[in-house]
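Data first, discussion second: the structure below is written as structure tokens.
In our numbering, the protein residues as written are 11 to 375.
Right, here's the structure in full:
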């Protein structure tokens, strides 16, 4: 039962007997895959099918397939344009096409959820906070328009979505993969800017992802508390004030912003206690039994509330498309064409980032 509140990573490109035994025992609510899990289209589809077969109820099988820097399938196919590249092109039809093609790509590979769109506002694309190139705009309305079109088309083609990183990673001054960022913006200021994409698109999002950033205006008495562990943020503001009733998923609890302060077990307990419904453990899935032992310490009503939301989310999941080499090749060609339409033929051929900007672990997983 408690395993349903976990979204777990997978170590490699195929399941070992030990992996299979762990997941069968835990019965997690779902999985999140990364570049390390990708070797070929056929291999990846077999992996997602194997994960599905281990679960008594249909699992969430998710991935970060944003485009640009965060394209987990870049080893096996064309890299879609990034949110910033699509935004700069200023063609809503191309953004819609990106949403549709991403959905078909993921469905043929066996996924049912994409951990995007990014709803952060880009304040400074050169800040080393993991957000470079990933935002759909430099103001709230631009993000609402562009991310909204991507989200609508992704979902119309039967892949569930997750708006991130609530309430904002765009304001962060450092990369939460390394350490905990601190943001001093007032709640009223955020309601008039960073939170607008969430309030506007909330009815169209299947889930939200909470971020590992400390907001001093929200938790003034808890200076080291991440937003992902904040009851003030997730229960009082998001649930009670903004009226959000959907699933909340943490960002990866194996990020430095969390691991430098919290151990496995207490981190998951704090996350669910604060109002998250699923805790994401991307890189250390073998710690899941420890997490479950700590979840058992929470009140039944909090567990039941989270389970109810996860169950409701799972009822919306779609089955994968049948796999064929012909369909895979067609989708890959269509993504290549989209890349050329957005970037131009010469720039579209570049596969190496020569911007000189600092890399983030988010693009290397």
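We put the beta carbon where it would ideally sit given N, CA and C, even for glycine.
Beta-carbon proximity of residue i to residue j, cut-off 7 Å
{"i": "residue 88", "j": "residue 271", "result": "no"}
{"i": "residue 224", "j": "residue 190", "result": "yes"}
{"i": "residue 233", "j": "residue 19", "result": "no"}
{"i": "residue 117", "j": "residue 331", "result": "yes"}
{"i": "residue 73", "j": "residue 58", "result": "no"}
{"i": "residue 38", "j": "residue 13", "result": "yes"}
{"i": "residue 187", "j": "residue 266", "result": "yes"}
{"i": "residue 51", "j": "residue 338", "result": "yes"}
Top-ranked residue by Cα proximity to residue i, from the options
{"i": "residue 11", "options": "190, 35 and 144", "result": "35"}
{"i": "residue 238", "options": "204, 198 and 289", "result": "289"}
{"i": "residue 275", "options": "284, 80 and 299", "result": "299"}
{"i": "residue 193", "options": "201, 181 and 185", "result": "181"}
{"i": "residue 211", "options": "29, 33 and 150", "result": "150"}
{"i": "residue 320", "options": "23, 32, 30 and 40", "result": "40"}
{"i": "residue 120", "options": "47, 188, 183 and 101", "result": "47"}
{"i": "residue 200", "options": "243, 235, 183 and 168", "result": "243"}
{"i": "residue 183", "options": "152, 286 and 137", "result": "137"}
{"i": "residue 283", "options": "240, 317, 85 and 339", "result": "240"}
{"i": "residue 236", "options": "278, 305, 213 and 209", "result": "278"}
{"i": "residue 15", "options": "114, 336 and 280", "result": "280"}
{"i": "residue 229", "options": "246, 114 and 214", "result": "246"}
{"i": "residue 316", "options": "337, 342, 285 and 340", "result": "285"}
{"i": "residue 302", "options": "25, 28 and 32", "result": "32"}
{"i": "residue 329", "options": "335, 167 and 219", "result": "167"}
{"i": "residue 335", "options": "311, 86, 27 and 186", "result": "86"}
{"i": "residue 100", "options": "78, 84, 152 and 79", "result": "152"}
{"i": "residue 213", "options": "355, 84 and 154", "result": "154"}
{"i": "residue 219", "options": "314, 30 and 248", "result": "248"}
{"i": "residue 304", "options": "344, 273 and 314", "result": "273"}
{"i": "residue 83", "options": "195, 45 and 102", "result": "45"}
Neighbourhood of residue i by C-beta, 8 Å cutoff - its chain only, sequence neighbours within 5 removed
{"i": "residue 216", "result": "123, 165, 170, 171, 172, 256, 257, 323 and 326"}
{"i": "residue 81", "result": "75, 89 and 90"}
{"i": "residue 349", "result": "88, 89, 90, 91 and 358"}
{"i": "residue 307", "result": "279"}
{"i": "residue 17", "result": "38, 39, 40, 41, 42, 70, 72, 259, 288, 289, 290 and 291"}
{"i": "residue 53", "result": "23 and 24"}
{"i": "residue 141", "result": "128, 130, 132, 135, 179, 180 and 182"}
{"i": "residue 261", "result": "174, 175, 186, 219, 220, 221, 222, 238 and 290"}
{"i": "residue 231", "result": "none"}
DSSP bridge partner residues for residue i (one or two, in chain order)
{"i": "residue 75", "result": "81"}
{"i": "residue 173", "result": "218"}
{"i": "residue 289", "result": "16"}
{"i": "residue 147", "result": "Paired residues: none, contrary to the question."}
{"i": "residue 380", "result": "There is simply no residue 380 to check, as the chain begins at 11 and stops at 375 in what is shown."}
{"i": "residue 224", "result": "192"}
{"i": "residue 41", "result": "18 and 71"}
{"i": "residue 124", "result": "73 and 171"}
{"i": "residue 259", "result": "219 and 288"}
6 Å Cβ shell around residue i - same chain, five flanking residues per side excluded
{"i": "residue 106", "result": "159 and 163"}
{"i": "residue 126", "result": "76"}
{"i": "residue 157", "result": "127, 129 and 146"}
{"i": "residue 364", "result": "Note that residue 364 scores a pLDDT of 48, beneath 50, so its modelled location is shaky; the value from the coordinates is reported in the next line. So the list is empty, once near-sequence residues are dropped."}
{"i": "residue 293", "result": "19 and 264"}
{"i": "residue 115", "result": "341"}
{"i": "residue 333", "result": "55 and 118"}
{"i": "residue 197", "result": "227"}
{"i": "residue 29", "result": "none"}
Residues near residue i in its chain [Cβ-Cβ closer than 7 Å; skip 5 each side]
{"i": "residue 351", "result": "104"}
{"i": "residue 353", "result": "91 and 95"}
{"i": "residue 268", "result": "222, 236 and 277"}
{"i": "residue 102", "result": "159"}
{"i": "residue 310", "result": "none"}
{"i": "residue 49", "result": "23"}
{"i": "residue 344", "result": "111"}
Q: Examine the Cβ distances between the stretch 160 to 173 and the stretch 101 to 116 and report whether three or more of them are shorter than 8 Å.
A: Under the three-pair Cβ rule at 8 Å, the stretch 160 to 173 counts as touching the stretch 101 to 116.
Q. Taking three-plus beta-carbon pairs below 8 Å as touching, is the stretch 136 to 154 in contact with the stretch 93 to 105?
A. Contact holds: three or more Cβ-Cβ distances are below 8 Å.
Q. Would you call the stretch 194 to 208 and the stretch 172 to 185 in contact, with 3 or more CB pairs under 8 Å?
A. Flag = yes, the stretch 194 to 208 and the stretch 172 to 185 touch.
Q. Three or more beta-carbon pairs under 8 Å between the stretch 59 to 75 and the stretch 247 to 254, yes or no?
A. The stretch 59 to 75 vs the stretch 247 to 254: no contact.
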